[in-house]
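Asks:
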Amino acid sequence: MPPQSTLNHQHHHPYYPTSSSSSSKSASFKGCCCCLFLLFSFLALLALAVVLVIILAVKPKKPQFDLQQVGVQYMGITPTSSFDPTTIAAATTASSSNTMSASISLTIHMLFTAVNPNKVGIKYGESRFTVMYRGIPLGKASVPGFYQEAHSSRNVEATIAVDRANLMQADAASLIKDASLNDRVELRVLGDVGAKIRVLSFDSPGVQVSVDCAIAISPRKQALTSKQCGFDGLSV
1 MPPQSTLNHQ HHHPYYPTSS SSSSKSASFK GCCCCLFLLF SFLALLALAV VLVIILAVKP
61 KKPQFDLQQV GVQYMGITPT SSFDPTTIAA ATTASSSNTM SASISLTIHM LFTAVNPNKV
121 GIKYGESRFT VMYRGIPLGK ASVPGFYQEA HSSRNVEATI AVDRANLMQA DAASLIKDAS
181 LNDRVELRVL GDVGAKIRVL SFDSPGVQVS VDCAIAISPR KQALTSKQCG FDGLSV
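Numbered according to UniProt numbering, the sequence shown spans residues 1 to 236.
#1: Are the region 149-157 and the region 113-122 touching, with three or more C-beta to C-beta distances below 8 angstroms?
#2: Taking the straight line between their C-alpha atoms, what separation do you get for P219 and T78?
#3: List in chain order: all unbroken alpha helix (DSSP H) runs of 4+ residues lying wholly within the region 105-177.
#4: Going along the chain, which residues of its own chain have a beta-carbon closer than 7 angstroms to the beta-carbon of A141, five neighbours each way excluded?
#5: In this structure, how does DSSP classify K227 when only helix, strand and coil are distinguished?
#6: According to DSSP, what are the bridge partners of K61?
#7: Taking the beta strand (DSSP E) that S180 belongs to, which residues open and close that run?
#8: Got a sec, what are the start and stop residues for the beta strand (DSSP E) Q208 sits in?
#9: Which one or two residues does DSSP pair with Q69 in a beta bridge?
#10: So, helix, strand or coil for Q222, using DSSP?
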């Protein structure tokens with residue numbers, strides 16, 4: 001028999017559990033996450049399918065946002081140059097156009113008509129409009145967002161005020177010539193209108209409606225002489 005001291009000094013190795021239990025827990029957790037992901041994906045696809053079915057059933061049409069009236073409240077043109085022209089017509093010659101400038105002040109009131117031809121309502125975001133002369137922005141106006149009922153028409157008003165916008169060189173010469181000789185200043189009104197079609201308290205993806213109007217104003221009469229508008233939009 002081994003001595004007692006030898007028995008006392010024998011060490012018992014501690015028991016370490018195998019890693020099979022932790023591996024099974026990790027596999028179970030991954031399987032649960034996979035099931036949840038598949039469930040949420042299925043629900044998302046189901047919701048998308050329902051929305052598409054509703055949209056196809058409603059057959060949404062792009063809204064109409066047209067410029068109906070333009071009122072000229074004020075228009076003033078002030079030519080300035082480094083020389084003293086005897087007449088405005090002389091100031092528009094090619095020899096003097098390189099050193100001259102002009103400022104334009106303008107206040108116009110615009111009346112738009114928003115038409116919703118759909119069976120459901122339309123939610124409009126904030127609309128912005130810009131008046132331009134020969135590609136140069138002169139002033140801007142904004143219209144707050146609003147909700148429009150199905151099969152309805154609504155008037156929307158906006159005012160653009162331009163306070164002494166400066167034009168240089170050729171643009172100034174053209175403006176003075178158009179105003180003094182032709183009594184016809186051609187402007188362009190551009191606008192982007194964001195809209196969403198509302199179906200069962202859900203909003204569709206955004207629909208961008210663009211407004212592009214060419215207008216002509218008589219400075220002498222302080223009145224609109226012509227208007228031609230283009231309309232474009234993206235359907236859902």
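Glycine included, every Cβ here is placed at the ideal spot set by N, Cα and C.
Replies: Checking against the coordinates, here is how it stands:
#1: yes
#2: 12 angstroms
#3: 169-177
#4: F129, A158, T159 and I160
#5: strand
#6: None; K61 has no bridge partner.
#7: From DSSP, S180 is part of no beta strand (DSSP E); its letter is neither H nor E.
#8: V207 to S218
#9: L111
#10: coil
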